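Visitor: Provided herewith is a single structure, encoded as structure tokens, for subsequent inquiry.
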Amino acid sequence: MVKKVSIEPGCTTCGLCEFLAPDIFEVTDISHVKKNACFASNSDAIKEAAERCPVQVITYQDDDADTTNS
Ligand code: SF4
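Here my numbering is used: position 7 in the sequence shown is -9, and no number is missing along the way.
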């Protein structure tokens, strides 16, 4: 289960993460992780967004181990 999500510098505001996980990401000037977002119930969508982000700037931390998409 995902417990932490971060956006590293370099977001191109393509909007894909917000499309895939609208409860988690909000893209304005850059992508942001929404306040009070429920990571646990959106784990699969977060992981898909991290995998599909074209510039690979979404990182997340799993319960079991530190995990990133890099
Ligand atoms: S998918 Fe990646 S590049 Fe696109 S808006 Fe989200 S963080 Fe930014």
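We treat Cβ as the ideally placed atom computed from N, Cα and C, and that holds for glycine.
Keep in mind it's a predicted model, so treat the numbers as computed, not measured.
1) Could you check if A5 is buried or exposed, using at least 16 other CB atoms within 10 Å of its CB as the buried criterion?
2) Using 10 angstroms around the beta-carbon of I14, count the other beta-carbons present and answer buried if the total reaches 16, otherwise exposed.
3) Helix, strand or coil for D46? Go by DSSP, reduced to three states.
4) Between which two residues does the alpha helix (DSSP H) carrying E35 extend?
5) Quick check: does the Cβ of A21 come within less than 8 Å of any heavy atom belonging to the ligand SF4?
6) For the beta strand (DSSP E) holding E10, just list the boundary residues, first then last.
7) Taking the alpha-carbon positions, what's the K(-13) to F3 distance?
Guide: The relevant details are as follows:
1) It is buried - the Cβ of A5 has at least 16 other Cβ atoms within 10 Å.
2) Around the beta-carbon of I14, fewer than 16 other beta-carbon atoms lie within 10 Å, marking it exposed.
3) In the three-state scheme derived from DSSP, where H, G and I count as helix and E and B as strand, D46 is classed as strand.
4) From DSSP, the alpha helix (DSSP H) with E35 extends over S27 to R36.
5) No, Cβ of A21 sits at least 8 Å from all heavy atoms of the ligand SF4.
6) For E10, the enclosing beta strand (DSSP E) starts and ends at F9 to V11.
7) The alpha-carbon atoms of K(-13) and F3 are separated by roughly 20 Å.
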